[in-house]
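Here the protein sequences line up with chains A and Z, keeping their order.
The opening residue of the first sequence carries number 1 in full-length UniProt numbering; numbering runs sequentially from there.
The opening residue of the second sequence carries number 1 in full-length UniProt numbering; numbering runs sequentially from there.
Built from N, CA and C at the ideal position, the CB exists for glycine as well.
Data block below; observations after.
2 protein chains.
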Amino acid sequence: MYYNYWFVFSKACEYGIKATIFIAINSYDGRRVSPKEISKEIDSPTAFTAKILQDLVRHHIIKSVKGAYGGFEIDKDTISKIKLAQIVNAIDGDQIYKGCGLGLQSCNEAHPCPVHDKFKLVRDDLKFMLEHTSLEELALNITSGASFLKI
Amino acid sequence: MYYNYWFVFSKACEYGIKATIFIAINSYDGRRVSPKEISKEIDSPTAFTAKILQDLVRHHIIKSVKGAYGGFEIDKDTISKIKLAQIVNAIDGDQIYKGCGLGLQSCNEAHPCPVHDKFKLVRDDLKFMLEHTSLEELALNITSGASFLKI
DNA sequence: AGTATTTCGGATATATATATCCTATTTATG
DNA sequence: CATAAATAGGATATATATATCCGAAATACT
């Protein structure tokens, strides 16, 4: 019928993940970056991206410095400790781990939706992956040219 | 930041899956069902559900019979052959298998996004599950009381 | 044939996510 | 202290998904 596609993450979250990776890369070099630079690099709308950055700041995933020579950065030594799950959680919440695949309000072991068990496996895989993927490895794969932030 | 949650499927698709299961159950008893009955049973908006049913008809997943004593049904002997993947494909398209986790336009092995490989595993799991789950087993789990269509 | 019943499908309305704009606030520097 | 450069955040606009409405078409029965 429809337009829709796979929405593991919202657009906001996609931008948030890519932005955080780009900030990490620059923080290794002690460089702060602006929403303008970020959105150019990750191919996202600037103002919208700026909103998401604010949110990541509120969740203490990235740091912002106001005023001249300011910008966004991440403490070098926390980059290896930040997991993808934290970023996703900050922006899209934790329903990714809890929500029912068929939208039931209270879907659980005792009262499962038709696909509950089958989804559990997929969801647990996703959860494990998000919790075990570090920002550091994502950033290093970009700098090494093994992966890309846009196109 | 936001309102969002895990969107494996669109609402339309959630309704479509649940509706199809309910139609299957009734078709075993040779009973046709209306959008009204369906939406009551799966707790969905009637008119919107009706649209989705039309779409499933166009994709030959369910059959409709117009006029008095009409309604929706599924050929008994096709119920075991219909896979969850077909329903999802009809409503949400095939981007679920193709779309990039970070929204890149052309994300592939040669030009991967930062999470490409990690997502591949999750996605393949989901794909396998959808392609190997039959409408029959979903329907039987409802009739046996092992799973539920609402609440 | 007429009527009640039912799906079909276009038009429209509502809700939510995405995106933009503009001003206030903060801060480094001359 | 003034100025320029930056983030913060409220208000608003746009796009998309979700939901509703209503008349047209089809069909079984009387």
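Residues bridged to residue i [DSSP beta-bridge criterion]
{"i": "Z:F72", "result": "Z:V33, Z:S64"}
{"i": "Z:F7", "result": "A:F7"}
{"i": "A:K83", "result": "A:S134"}
Residue range of the alpha helix (DSSP H) that includes residue i
{"i": "A:S27", "result": "11-28"}
{"i": "A:T143", "result": "135-143"}
{"i": "residue 207 of chain Z", "result": "Outside the shown range of chain Z (1 to 151) lies residue 207 of chain Z, about which nothing can therefore be said."}
{"i": "A:N108", "result": "Unbroken run through A:N108: none, as it is neither H nor E."}
{"i": "Z:K98", "result": "95-98"}
Between the CA atoms of residue j and residue i - distance to the nearest angstrom
{"i": "Z:F48", "j": "Z:V33", "result": "16 Å"}
{"i": "A:D77", "j": "Z:E131", "result": "44 Å"}
{"i": "A:D92", "j": "Z:N108", "result": "25 Å"}
{"i": "Z:S134", "j": "Z:H59", "result": "17 Å"}
{"i": "A:S144", "j": "Z:I52", "result": "46 Å"}
Buried or exposed by the 16-neighbour rule on C-beta atoms within 10 Å, applied to residue i
{"i": "Z:G103", "result": "buried"}
{"i": "A:R123", "result": "buried"}
{"i": "A:S39", "result": "buried"}
{"i": "A:P35", "result": "buried"}
{"i": "Z:T20", "result": "buried"}
{"i": "Z:K18", "result": "buried"}
{"i": "Z:A12", "result": "buried"}
Neighbour flag for residue i against chain A, beta carbons, 8 Å
{"i": "Z:H111", "result": "yes"}
{"i": "Z:P114", "result": "yes"}
{"i": "Z:K36", "result": "no"}
{"i": "Z:S106", "result": "yes"}
{"i": "Z:D29", "result": "no"}
Any chain Z beta carbon closer than 8 Å to residue i
{"i": "A:E131", "result": "no"}
{"i": "A:D77", "result": "no"}
{"i": "residue 159 of chain A", "result": "Since the first residue of chain A shown is 1 and the last is 151, residue 159 of chain A is not available in this structure."}
{"i": "A:L53", "result": "no"}
{"i": "A:I61", "result": "no"}
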